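Numbering (the numbering used here), first residue to last: 5 to 230.
Here's the structure, in structure tokens; my notes come after.
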């Protein structure tokens with residue numbers, strides 16, 4: 005996709021059967037106002053609205069609970085605008101890492117959780133999937149909770165062009181040819197067991213493997229972890 009997603013106003017029905025309530029539409033409108041204030045001087049309201057609408061389209065058929073869609077749309081749009089701000093305005097010199105797997109429900113979510121925990125705000129962390137699922141793997145949530153990392157509020161989402169272009173490091177985990185390839189990026193492919201449908205005991209091994217890899221990644225980025 006380009007930096008300018010399709011110019012459509014949010015609707016309560018996109019023609020595919022997903023309807024938003026009047027209250028949800030109001031919440032999305034309020035989200036646009038918050039994002040306009042947050043990105044004042046970088047993006048106008050038309051650009052923000054286009055990204056909100058595009059994010060809504062990408063998420064609404066994947067979210068398990070339609071009730072939370074406005075919140076998820078705002079969070080996803082914020083991530084995308086932060087990435088675009090880095091590309092177009094050099095808004096940060098922090099390194100950015102994008103973790104990619106197929107469903108963005110297990111491995112990439114655990115990796116993002118570990119990186120946020122270990123590196124704090126010294127690294128911008130993104131995750132996505134080539135074919136996002138409907139919810140984060142419950143066993144992954146439990147396994148991460150055991151080590152004090154809460155990923156229960158995370159949600160599967162697709163990778164997007166601007167986030168991939170903003171990333172300095174792109175780490176793939178089993179998404180193969182469906183993962184984006186951009187010149188000038190540092191790529192790593194982590195061969196990890198797939199936690200989908202597995203027990204917590206199984207996922208613990210994946211979790212610990214990911215931790216070791218993330219620790220090595222942080223060391224290679226030469227950032228001062230908190």
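For glycine and all other residues, C-beta sits at the position ideal for the given N, C-alpha and C.
None of these values were measured; they are calculated from a predicted model.
In this structure, residue 218 lies away from residue 99, with their beta-carbon atoms at least 9 Å apart.
Rounded to the nearest whole angstrom, the C-alpha separation of residue 199 and residue 137 is 13 Å. Between residue 195 and the set 201, 202, 203 and 176, the nearest pair of CA atoms involves 176. Ranked by Cα distance from residue 187, the options 222, 201 and 169 are led by 169. Linking residue 192 to residue 34 through their CA atoms gives a straight-line distance of about 39 Å.
In the DSSP annotation of this structure, the continuous segment of the alpha helix (DSSP H) that includes residue 166 starts and ends at 165 to 170. Distance from residue 97 to residue 167 at the Cβ level is roughly 17 Å; contact not present, criterion being Cβ atoms closer than 8 Å. If you compare the alpha carbons of 158, 225 and 75 with that of residue 130, the shortest gap goes to 158.
Per DSSP, residue 104 is one residue of the beta strand (DSSP E) stretching across 100 to 105.
By the C-beta criterion, the segment 140 to 148 is judged to be in contact with the segment 204 to 214, since at least 3 inter-stretch pairs fall below 8 Å. Membership of residue 130 in the beta strand (DSSP E) is indicated by the continuous run 128 to 133.
In the structure shown, the three-state DSSP call for residue 173 is strand.
In the assembly as shown, residue 87 is a buried residue. Its beta-carbon has 16 or more other beta-carbons within 10 Å. Only exposed fits residue 230, as fewer than 16 other CB atoms lie within 10 angstroms of its CB.
Residue 36 sits buried, since 16 or more C-beta atoms from the chains shown fall within 10 Å of its C-beta.
With a minimum length of 4 residues, the unbroken runs of alpha helix (DSSP H) contained wholly in the segment 29 to 80 fall at 49 to 63.
For residue 139, the secondary structure class from DSSP, reduced to helix, strand or coil, is coil. Per DSSP, residue 213 is not a residue of any beta strand (DSSP E); the alpha helix (DSSP H) it occupies stretches across 204 to 225.
Between residue 117 and residue 162, the CB-CB gap reaches or exceeds 9 Å. Per DSSP, residue 193 is one residue of the beta strand (DSSP E) stretching across 190 to 193. The Cβ atoms of residue 208 and residue 150 lie closer than 9 Å to each other. Within the same chain, and ignoring the five residues on either side of residue 171 in sequence, the residues whose Cβ sits closer than 7 Å to its Cβ are 100, 101, 102, 130 and 189.
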